[in-house]
Each structure stands twice: as structure tokens, then as C-alpha cells.
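Reviewing the structure listed below.
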Amino acid sequence: MSFSRILLRSLLPLLIGIPILWAFNGELSSSADIILMVAGINVILAVSLNVVNGFTGQFSIGHAGFMAVGAYTAAKITVATNSIEIVGLPTEVSNQVIFFIALVAGMIMAALMGLLVGMPSLRLRGDYLAIVTLGFNEIIRVIIENTEFLGQATGISGLPRRSNLIWVGVGALVTVLMARRLVGSTHGRALLAIREDEVAAEAMGVDTTGYKVRAFVISSAFAGLAGGLLVHLIQLCTPRSFTFVKSIEVVVMVVLGGMGSVTGSIVAALVLTFALEGLRDAQQYRMVMYSILLIVLMLTRPEGIFGTREIWDWLPKLRKRVSS
Amino acid sequence: MSAAAENAPKPESESTTRGWGDTCLDVKKVTMQFGGLKALSEFDLSLEPGELVGLIGPNGAGKTTAFNAITGVYAPTFGDVTVCGHRVNGQRPHQICGHGIARTFQNIRLFKELTALDNVRVACHAGRKSGFLASFLRTRGFLEDEARITKRALDYLGVMGLARVRDERAKNLPYGEQRRLEIARALATGPKILCLDEPAAGMNASEKVALMELIRKIRDDFKLAILVIEHDMRLVMGISERLVVLDHGVTIARGKPEQVRKDPKVIEAYLGDSYLEEKHIAIPAKSSESVLDAAPAPEEPPVKEVQP
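Right under this line is the structure:
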């Protein structure tokens, strides 16, 4: 197989996805645009958290902490370079290139944080990771609120609006591709094995700590991406966007969609985002109805909408049922 | 099938030297202590390539503890474990596995939600080159690796007669097939030593005989040293060249099956349970058990005082 064909195969979903996103970009009303982007960011968050909570069977509840790291890194870069243009490029293109660099930098910073948090805590088994990540989330928030460089509690305002449907769409697409390809590979199967039985996985030669740290770092990086996209959508970067509540929101999406199901996470992220928007008319009852929806879903399907399966696992059965 | 079990499989054990000397597993004076309880004391064992050794003993004799100490689930309190020339004390189980030792578990520990094929594929590490990034980009190296691993896994499933159920989830397999799948998974790590922890537990008599035949066949086909835990003595006698008998963590006999069968200590361990109980609890003198035994005695008198 030639190099170009391999490249084509690995990038094919993006080659199809980008033109579609391009066509929709700017065509929708601005409110629909924003809702879709928020949904896309939630997809990135839910799918990336699923790599740790669903595939690897660890329980991280500090995803918003990594979002914050990515968001502040990206925000600082775009603010600092607001008046700078890359020589030889039109303003618009230059801005987008800088935004891309800022996003990648945010991902790298978040990944480093993931490594820092994951290395000591992932050696342990059980609930320790939940406690450590929860603590990390709060530490990050407190540090931001007390650091002048990061704008303290008011945060960084006046960010340029750089996120658009293409960026968010590509981000979501890359995240989903990453998760699907990971789980279909030997490395991904090692993660699943850790979830199923850590002792047996270790005995079969799987370096459980190493794999857990890697999964955690990857997951953190994509949380950083989501953070960067979010603050350049709402044009404001404050610690209030990255509290414990935000982390729980993402955990809810993962649990609701089914731990270990990529399509489940996507569906749950979309359903919850749209439900929250749809309930806007209910005003003060909005959160009440939101919680009732969650309770009903958890009572009727405790394993999540999809369990550990993917949407296409049901397709043959459906086809059979239709034909019979 | 059972008739074939009597044929002596001697010739294979002649091929001794394979680069790491003539012993592939060397356990020297390994002691496992949990608090005051000595679960295993001064356990010695050496395995030569191609040898099939049975580790037997009554319930609670410390057989599984010995396995756990060898494969790194526990770090031995004292003593040395050498696998294929590598001293492995204190190493993590996956590192020890990398030196060429694989095991199964007494209470089956399969990856329940994964398919039979994936269970085996998890264990196929040998010769894997592609890293994480390659699996995202689906590079050529990655695809080649995947194809090779899948083929290897299918081969092992075939050997254990499981090719038919490759796409079944492990939890949905019948009990006997789950046991065989565990062996297939252990083989896929490419071991030189295979440790089987009560592979026949929960099987009926004819299944057990068939399994023991299969174990011998694996040994011959893959040229492995095999260590089998079994508490059914008759069963393991037919296939193993040597036996080691444990009781309360102490090695009470070792040698050829015929010798061991006649050993009075072994007969005692298996038949005279109550007699032996008294005798052996005295050995770990400071154990928590002996304290418990002593405690209930003086508690009788206070009952009378309740009456008035």
C-alpha cells in the first residue's frame, strides 16, 4: 500500500467532514450556530472523558480542570498575539493560524497536567483517582482565582471570537476518530482489558500503569482542546466556567451515554445540550426537569443508553427485525 | 483418550539447554508472610524446559500463594524467584510475564465483556512495533501488526478448539470453554513456562481427563514447561513427571508420582485432616489462628452469673 493511500485512508473522515462543515458555516442563524458549537464542544469533552472512564474503567471527575488549563493557555496566546500578524498572510488566515497554534499549545499544556496528575495517582487502584482529580479541579480553580496574570476571578475578557463551526466540527471529528481508532487497536484493547480485570491484564503482560497514564494524558489533551474552543466561543475565560459542576456535567454525559460507548457519549452530549436549550422556556424549572430526565434515564437504563456497545451493534438486529 | 495418558512422554524432556541454562524457573526458599500467617514457607521449585510438574495439596495448602509469589501478584517476603535467567523478585507482574511466564487463574478472570478473540489478542505482545500514534493514523506498520496479531490469536483459539466461538463475549461462553479460553490467552503471551491454577476445577470426570490430555498436548506442541495446581491427586499423577506436595505452606513431599503416592505424610495430609490440623497449627506459633483457638476456652463461667 502506497504512502498516499495510507494518508488518504487515515484522513478520509476529515476530507468528507470539512467541506460539509464549510457549507454550513455562517449559513445558520447565530443562536443555532452557538448551540451547535456548544454541542460539538460537549461531544469533545464526553468522548475524551470516555477514554478514561469508559474504556479504561478509571473514574476521573476533574475534566473541567484540564479544560481550564487548555482554555487559559489558548486565551493567553490569542490575547498576546491579537495585534500580531504572520507576515505574508492575510489578516483572517493569520488569525486562524495563530488560533490553531493556541489550541495545540492548550492541548499540550493540558496533556502535561494530565501526566503530572496521572503519574502518581494512577498507580493506585479504585477511587483514589476520583479524589485526586476532584482535588486537582479545585486547585486549578483556586490558583486561577488568585493569580493576577490569569485575571483572577474576573478572568480574561475581550477574547476574539475565533471558534466557528469548522473548528468545533473538526475538533469533534478528530476526537471521535481518536477514540474509535484507539479502541480498535491493540493499545485500546489493553485499556479495555484493564477495565475488565486489572489483575488479569497485568498478568497477561499489560503494563497497566503505563497504559492508564497514556489514556489519561490523551483524555486531558482533548479536554484542553475543548476548553480552548469554548473560551473563544463565549469570548470570556473565567474560572466559573471550569468548576466542579462542569466536570460533573461531563461525567453525566459519559454515564448516560454508556461507559465505553463512543456513539453513546456523542448521543448523550447532543441530547443533553439540546435538552438544556429546549428547556429554556421552562425557566426556573429547567434544572428540575433536567434532573428528572436524568433520574428517569438512570432508572430505566442504568448501564447508560448504549451500555458498552456502539450504535451499529444494533443495526444487524434491527435489519433482521425489519426483514422478518 | 484416557488410555493415551499412560504413554510416557519422556523424549521431550531431553532437550534441556535453550540459552538460559537448564532450569527455566528457579524458586529458592520463597516465604510468603501475611501478618502473622506464614502462607508459604521456604518453598523450593525448579522447572526444566519441557517438564510438566504438578503442585498438589489439600485446600488452603498455599498452592495459589506459591503461584502468586512466582508471577509477581505478591512480592515474596523472603527468597528468590528466577525466570529464564532473570531474577524477578519485586518486579511487576507484566514485567515477569515478559520474561516468559504466563498463568491462568483459579477463579476464572477473563475480560468478560470482550469477545473470545479480543481476550486472546490482548495477550499478543510479541513483536508489536507500532505505537499509540500509529494506531490513530492507521499506518502500514499498525495494520500489519493488527493482521499478524489477529492471525496469531486465531491460531491459539484453534489450538484450544475455540475458533467457532471467536466472536462470542467471554461471559457468554460455557464454563469449560471459559477455562480453555484462559489457557489460550496465557499461551498467546508466548511463554516458556505456563502455570495453570486448578484448570480442571468444576469439571466432571471425563472433561477432566480430556483437559489433562490437552495440557500434555500443549506441552509437547509448544515445548513448554508446565506447572499445574490441582488438588485431585489421581488426575495430575497421570500426566506429571514430578509432584510437589504442599500442606499449610510447607513442602511435605516431592518426587515422582509413584513415590509421592506412597509417602505417609501425603496420605496423612489428604486423609487425616483433623489429626493433622492439630499438629500443624502449632508450627506458626504466633499466628492469629492459635490465639483464636485459645481464646474461647475461659468464656464459659460468666453464663451462670446472669441468672440472679
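Taken in sequence, the protein lines are chains Y and L. So for the first sequence, my numbering puts the first residue at 140; every next one is plus one. So for the second sequence, my numbering puts the first residue at 86; every next one is plus one. A virtual CB, placed ideally from N, CA and C, is assigned to each residue, including glycine.
Residue interval of the alpha helix (DSSP H) (run including residue i)
| i | result |
| --- | --- |
| V329(L) | No alpha helix (DSSP H) contains V329(L), which is instead part of the beta strand (DSSP E) from R327 to D332. |
| Q344(L) | P342 to K347 |
| K385(Y) | F383 to G396 |
| A124(L) | Taken as a continuous stretch (DSSP letters only), A124(L) belongs to no alpha helix (DSSP H), being part of the beta strand (DSSP E) at L122 to L132. |
| M426(Y) | R425 to T439 |
| M317(Y) | L304 to V322 |
| V281(Y) | Y267 to E284 |
| G209(Y) | H202 to A219 |
| N257(L) | Looking at the DSSP string, N257(L) is not in any alpha helix (DSSP H), and its letter there is neither H nor E. |
| N234(Y) | T230 to S260 |
| E416(Y) | V401 to G417 |
| R334(Y) | T325 to E335 |
Residue i and residue j closer than 7 Å at C-beta
| i | j | result |
| --- | --- | --- |
| V191(Y) | S358(Y) | yes |
| A311(Y) | V401(Y) | no |
| L266(L) | L247(L) | yes |
| G253(Y) | V389(Y) | no |
| P276(L) | A208(L) | no |
| P178(L) | E341(Y) | yes |
| T325(Y) | F361(Y) | no |
| A154(L) | V115(L) | yes |
| F198(Y) | A269(Y) | yes |
| R327(L) | V168(L) | no |
| G443(Y) | G403(Y) | yes |
| A269(L) | M297(L) | no |
| P284(L) | R301(L) | no |
| E198(L) | E335(Y) | yes |
| D165(L) | T200(L) | no |
| V345(L) | I337(L) | no |
| I305(Y) | N164(Y) | yes |
| P311(L) | L279(L) | Position check: residue 311(L) holds Ile in this sequence, whereas Pro was assumed. Yes. |
| L160(Y) | G308(Y) | yes |
| F196(L) | S215(L) | no |
| N189(Y) | V393(Y) | yes |
| G204(Y) | I283(Y) | no |
| G334(L) | L140(L) | no |
| M206(Y) | F445(Y) | no |
| A339(Y) | R194(L) | yes |
| A408(Y) | N181(Y) | yes |
Residue i CB to nearest heavy atom of the ligand COA below 6 Å
| i | result |
| --- | --- |
| I247(Y) | By its list of ligands, the structure shown contains no ligand whatsoever, and the ligand COA lies outside what it can speak to. |
Cβ distance (whole Å) where residue i is taken to contact residue j below 8 Å
| i | j | result |
| --- | --- | --- |
| G396(Y) | A185(Y) | 7 Å |
| C109(L) | P134(L) | 5 Å |
| K351(Y) | L261(Y) | 4 Å |
| T377(Y) | G294(Y) | 3 Å |
| L418(Y) | R425(Y) | 4 Å |
| L320(L) | T189(L) | Actually they are not in contact, since the Cβ atoms of L320(L) and T189(L) sit about 16 Å apart, beyond 8 Å. |
| T217(Y) | H371(Y) | 7 Å |
| A332(Y) | V345(Y) | 6 Å |
| T274(L) | M343(Y) | 6 Å |
Unbroken beta strand (DSSP E) run spanning residue i, endpoints
| i | result |
| --- | --- |
| I141(L) | L137 to I141 |
| K114(L) | L110 to F119 |
Contacts that residue i makes with chain C (C-beta to C-beta distance below 9 Å)
| i | result |
| --- | --- |
| S220(L) | Chain labels in this structure do not include chain C; the protein chains are Y and L. |
Worksheet entry | Touch test, the region 237-251 of chain Y against the region 264-281 of chain Y, Cβ-Cβ under 8 Å, three pairs minimum | These segments do not touch.
contact_flag[the region 247-259 of chain Y, the region 201-218 of chain Y] where n(CB pairs < 8 Å) is 3 or more: Yes, they touch.
Check: Can you give, in chain order, each stretch of the alpha helix (DSSP H) that sits fully within the region 144-231 of chain L and has at least 4 residues?
Finding: Qualifying alpha helix (DSSP H) stretches, in chain order: 148-156, 178-183, 201-207 and 217-222.
Check your understanding: Is it a yes or a no for the region 312-324 of chain L touching the region 205-223 of chain L, going by three-plus beta-carbon pairs under 8 Å?
Key -> Two segments are said to touch when three or more pairs of C-beta atoms, one from each, lie closer than 8 Å; by this definition the region 312-324 of chain L does not touch the region 205-223 of chain L.
- Message: For the structure I just gave you, are there three or more beta carbon pairs, one from the region 169-187 of chain Y and one from the region 407-424 of chain Y, closer than 8 Å?
- Response: Contact between the region 169-187 of chain Y and the region 407-424 of chain Y is present, because at least three Cβ pairs lie under 8 Å.
Q) Mind pulling the alpha helix (DSSP H) runs of 4 or more residues that sit fully within the region 276-340 of chain L? A) Within the region 276-340 of chain L, the complete alpha helix (DSSP H) runs of at least 4 residues fall at 290-307 and 318-324.
Within 8 Å, do at least three Cβ pairs link the region 296-305 of chain L to the region 120-132 of chain L? The answer is no - the region 296-305 of chain L does not touch the region 120-132 of chain L, with fewer than three Cβ pairs under 8 Å.
Exercise. Using 8 Å as the Cβ pair cut-off and three pairs as the minimum, do the region 154-165 of chain Y and the region 361-378 of chain Y touch?
Worked result: No: the two stretches stay apart, fewer than three of their Cβ pairs being nearer than 8 Å.
* Please confirm if the region 194-204 of chain L is in contact with the region 149-157 of chain L, defined as three or more CB-CB distances below 8 Å between the two stretches. => By the C-beta criterion, the region 194-204 of chain L is judged not to be in contact with the region 149-157 of chain L, since fewer than 3 inter-stretch pairs fall below 8 Å.
| said: So within the region 152-183 of chain Y, which uninterrupted alpha helix (DSSP H) runs reach at least 4 residues, ignoring any that extend past its ends? | reply: If one requires a minimum length of 4 residues, no alpha helix (DSSP H) run lies completely within the region 152-183 of chain Y.
_Any contact between the region 225-242 of chain L and the region 162-177 of chain L? By contact I mean 3 or more CB pairs, one from each, below 8 Å._
When C-beta atoms of the region 225-242 of chain L are compared with those of the region 162-177 of chain L, fewer than three pairs fall below 8 Å, so the two segments do not count as touching.
Item to check | Secondary structure, alpha helix (DSSP H): runs of 4+ residues fully inside the region 339-382 of chain Y | outcome: List check, alpha helix (DSSP H) in window: 347-373.
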